[in-house]
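Engineer: Residues 109 to 377 in my numbering are what the sequence shown lists, from first letter to last. Heads up, the beta-carbon is just placed ideally off N, CA and C, and yes, glycines get one too.
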Amino acid sequence: MRSVKVRGMVRGATGYAYHTRSFVRGFLALGTDVELEEYHLWGPQLPEHLQDPLYDRLSAPVDSTVQVQFAMPHRAVVTPGLATAVYTMFEASRIPPGWVPRSEQWALTVVPSRSSVDAWTASGVVAERLRVCPLGVRQGLDRPDVRPLPITDRTGRAVADYRHRFLNVAEVCTRKNHVGIMEAWLRATTPADDAVLVLKVNGFRPGAWAGGSPTWRRPRPRCGPSSTAGPRPRRRPRAGSSPTTPGRRSPAACSRSCPNWSRPGSVGI
């Protein structure tokens, strides 16, 4: 493919914007001419010092009948005369009903994983109209000469001192299901485990983590082992622990803990 038209966000701080930038750089590295149509429909913009002037030079038309759009289906635009592929994703077992007829308006829907394919086909989208293109790994980010950030948990212990360190990167919104992450963490670990969970949230939306979503405040199903399970020399028992189920936290306690983790071995950033 010698040239391609791309429509997507490139100046934003969202995952879609990051993927658009990555794919555009990938096309250019392959020697493919790119015509970039930029739009901005949601999410914060990157600060000016992080903007790459490369994308300002890609507005010239190219001779191509192929277009790749990076957008959720309800935000995709159908362009007559172009064979369009929409790269998208959704973190659920099914997709919104309106996306099914919408996806029939373009040639292909491209998703990053088999779970997304399952969500689309379970909702009625024909499998032949779907393709899987996993998101790549950017080389050079994991370098031994780069020192880790001096992050500590609420007890003052350095995150780098933990034997097992888990990182989740996601925007703070209901769809990213931070509550589900907490519930899985509490089920899978105990205070005795030498493990820490780090949440990297969007720093370009001040207050998003502290405010959370109203949905987070709703009662949730019971969580896994709580901070009351096992010895806790550094913290007193948490209010809201269920008196009838030792070692577990009540749904209300789990719901209230969204902005603040319940164990020293967890940290939200």
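Relative to the alpha-carbon of Leu-238, which residue among His-127, Val-219, Pro-256, Arg-129 has its alpha-carbon at the smallest distance?
Structural biologist: Considering only alpha carbons, the answer is Val-219.
Engineer: Whole angstroms is fine: what's the gap from Phe-274's alpha carbon to Val-304's?
Structural biologist: Going by the C-alpha atoms only, they are around 6 Å apart.
Engineer: Mind reading off the beta-carbon distance from Tyr-147 to Arg-115? Whole number of angstroms is fine, and I expect it under 8 Å.
Structural biologist: With 8 Å as the limit, Tyr-147 and Arg-115 qualify as a contact, their Cβ atoms being about 7 Å apart.
Engineer: Give the secondary structure of Leu-305 by DSSP, where H, G and I count as helix, E and B as strand, and everything else as coil.
Structural biologist: Note: Leu-305 maps to strand in three-state DSSP.
Engineer: Report yes or no: do three or more beta-carbon pairs, one from the region 118-134 and one from the region 157-173, lie closer than 8 Å?
Structural biologist: Enough Cβ pairs lie closer than 8 Å, so yes.
Engineer: My output table needs one value for Tyr-124: the three-state DSSP class, helix, strand or coil.
Structural biologist: Three-state DSSP puts Tyr-124 in a helix.
Engineer: For the beta strand (DSSP E) containing Thr-229, name the first residue and the last one.
Structural biologist: Where Thr-229 is concerned, there is no enclosing beta strand (DSSP E), although the alpha helix (DSSP H) it sits in stretches over 222-230.
Engineer: When we look at the beta-carbon of Lys-308 and count the other beta-carbons within 10 Å, is it buried (16 or more) or exposed?
Structural biologist: So Lys-308 counts as exposed.
Engineer: In whole angstroms, what separates the C-alpha of Trp-324 from that of Gly-123?
Structural biologist: Caution is warranted here: a pLDDT of 48 is assigned to Trp-324, below 50, making its placement in the model unreliable, and the coordinate value is therefore given only provisionally. Between Trp-324 and Gly-123, the C-alpha separation is close to 22 Å.
Engineer: Check whether the Cβ atoms of Ala-191 and Gln-175 sit closer than 9 Å, and answer yes or no.
Structural biologist: Yes; because the gap between Cβ atoms is below 9 Å, this pair is in contact.
Engineer: With a Cβ-Cβ cutoff of 9 Å, do Thr-217 and Pro-181 count as a contact?
Structural biologist: In contact: Thr-217 and Pro-181 (Cβ atoms closer than 9 Å).
Engineer: Quick one: using the 10 Å Cβ neighbour count with 16 as the cut-off for buried, is Met-290 buried or exposed?
Structural biologist: The residue in question, Met-290, is buried, as its Cβ has 16 or more Cβ neighbours within 10 Å.
Engineer: Counting along the chain, where does the alpha helix (DSSP H) carrying Arg-295 start and finish?
Structural biologist: Run containing Arg-295: 286-296, per the alpha helix (DSSP H) assignment.
Engineer: Any idea if Pro-256 is buried or exposed, counting beta-carbon neighbours within 10 angstroms, 16 or more meaning buried?
Structural biologist: So Pro-256 ends up on the exposed side.
Engineer: With DSSP run on the structure shown, which of helix, strand or coil describes Leu-166?
Structural biologist: If DSSP states are grouped into helix, strand and coil, Leu-166 belongs with coil.
Engineer: Taking only the alpha-carbon atoms, compute the straight-line gap between Ala-168 and Val-245 and give it to the nearest angstrom.
Structural biologist: When rounded, the distance between both Cα atoms is 29 Å.
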